[in-house]
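Encoded as structure tokens, the structure appears first; notes follow it.
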Ligand SMILES: [Zn+2]
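Numbering (the numbering used here), first residue to last: 79 to 336.
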């Protein structure tokens, strides 16, 4: 919602489709823009009202459904096909992978924001057609970044196996990462394929945490390449004869090793 609010104040945004299944709950009030009196309504409807009160000219469509629900995939595909850019703030890994596949299938650029457990920092990633997929990025960061340690679980997995150690992020931490997420989204939308902020993933620390972040308020910029042997984006896009030759060579090399 904070990313949506920031994006839709920009006059260049003329149309938005929201995919959101949740109902607004009492525990959401502390970190949301909506008042306690809104509890019980769907978040999608509340977001639509919020936007219409500020941008009457904005075209808003809502899909009150789970992103992964098989029954709504046609509607989601139609929306994705007509969009210029995707924005993901999903809080679980299956949804992020599903969104990545949707965006790549339609050849759309997209962005993803993730606030770390306790609001100690967060990630913003941007993706372009033909570039690394979410699987490439997640795999790279798992090897390169220590915030994935069990004692500092990802805020994006509150229902996961490490739920008992997950600490909600503050509204201020969420807003800090959301602001960067919105700026990167607007930059990618404006520049298209020539967008080049110097990273594909930005990690920003907001607190000093021993063994995780040596300093607060420090950016870590990652240029993550597409993995040549990624099983996700490799499989769907062996687009040229050259690519196919490389894929075949790699497959044969693996057979040779076995
Ligand atoms: Zn990949």
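Note that beta-carbon positions come from the ideal geometry of N, C-alpha and C, so glycine has one too.
Tell me the rounded alpha-carbon separation between residue i and residue j.
i           : j           : result
residue 311 : residue 93  : 29 Å
residue 193 : residue 251 : 8 Å
residue 158 : residue 80  : 21 Å
residue 244 : residue 290 : 15 Å
residue 104 : residue 199 : 25 Å
residue 179 : residue 304 : 15 Å
residue 309 : residue 216 : 13 Å
residue 84  : residue 254 : 12 Å
residue 170 : residue 176 : 10 Å
residue 292 : residue 153 : 45 Å
residue 223 : residue 134 : 43 Å
residue 88  : residue 259 : 14 Å
residue 128 : residue 265 : 24 Å
residue 281 : residue 126 : 30 Å
residue 185 : residue 82  : 22 Å
Under 7 Å Cβ to Cβ from residue i, same chain only, skipping five residues before and after it: list those, please.
i           : result
residue 173 : 145, 146
residue 350 : This structure does not reach residue 350, given that the chain is present from 79 up to 336, and the question cannot be answered.
residue 214 : 302, 304, 305, 308, 311
residue 279 : 201, 203, 215, 219, 300, 302
Buried or exposed for residue i, going by 16 or more other Cβ atoms inside 10 Å?
i           : result
residue 118 : exposed
residue 160 : exposed
residue 182 : buried
residue 230 : Because the pLDDT at residue 230 is just 40, under 50, the model does not fix this residue reliably, and the value given afterwards should be weighed accordingly. When all chains shown are included, residue 230 counts as buried.
residue 268 : exposed
residue 210 : buried
residue 156 : exposed
residue 77  : As shown, the chain starts at 79 and ends at 336. That puts residue 77 outside it, with no answer to give.
residue 196 : buried
Excluding the 5 residues flanking residue i on each side, which residues of the same chain have their C-beta closer than 8 Å to its C-beta?
i           : result
residue 130 : 136, 138
residue 109 : 246, 247, 248, 249, 252
residue 102 : 110, 112, 116, 117, 118, 119, 120, 121, 124
residue 90  : 264, 267, 268
residue 142 : 98, 99, 120, 122, 123
What residues in its chain sit with their C-beta under 6 Å from that of residue i, if we drop five residues either side in the sequence?
i           : result
residue 132 : none
How about the region 265-272 and the region 296-307: do they share at least three Cβ pairs that are nearer than 8 Å? no
How about the region 81-98 and the region 159-168: do they share at least three Cβ pairs that are nearer than 8 Å? yes
Answer yes if the region 179-190 comes into contact with the region 199-206, meaning at least three C-beta pairs across the two stretches below 8 Å, and no otherwise. yes
What runs of the beta strand (DSSP E), each 3 residues or longer, lie entirely inside the region 165-210? 188-193, 199-205
Which runs of the alpha helix (DSSP H), 4 residues or longer, sit entirely within the region 243-327? 249-269, 311-314
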